[in-house]
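Take a look at the structure set out below.
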Amino acid sequence: VAHAVNLIKEEVIGDPYYAQANYWEAVGHSDFNNGDVAEWRFDPSQVGGGVVMDGAIHWMRPLRL
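This is the structure we're talking about:
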């Protein structure tokens, strides 16, 4: 992402109009379901916006560079 930002600033490439990110996690083998503090992610009354609010910002933040 940082390299793309430099290319845009140097006008080597134009402004991006599309970005894609993929993320996969085997929840059955993660720490999310072993009673740790992250278990709230699976409780609809606590999670609020779900995966978009919890994780997607980490994928969107680099696009704001």
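So the sequence shown is residues 1 to 65, counted in full-length UniProt numbering. C-beta atoms are modelled at their ideal positions from N, C-alpha and C, and glycine is treated no differently.
Measure the alpha-carbon distance for His58 versus Gln20 and round it to whole angstroms.
13 Å
Note down the Cα distance separating Ala2 from Pro44, rounded to an integer number of angstroms.
36 Å
Alpha helix (DSSP H) segment containing Ile57, residue limits
Ile57 to Met60
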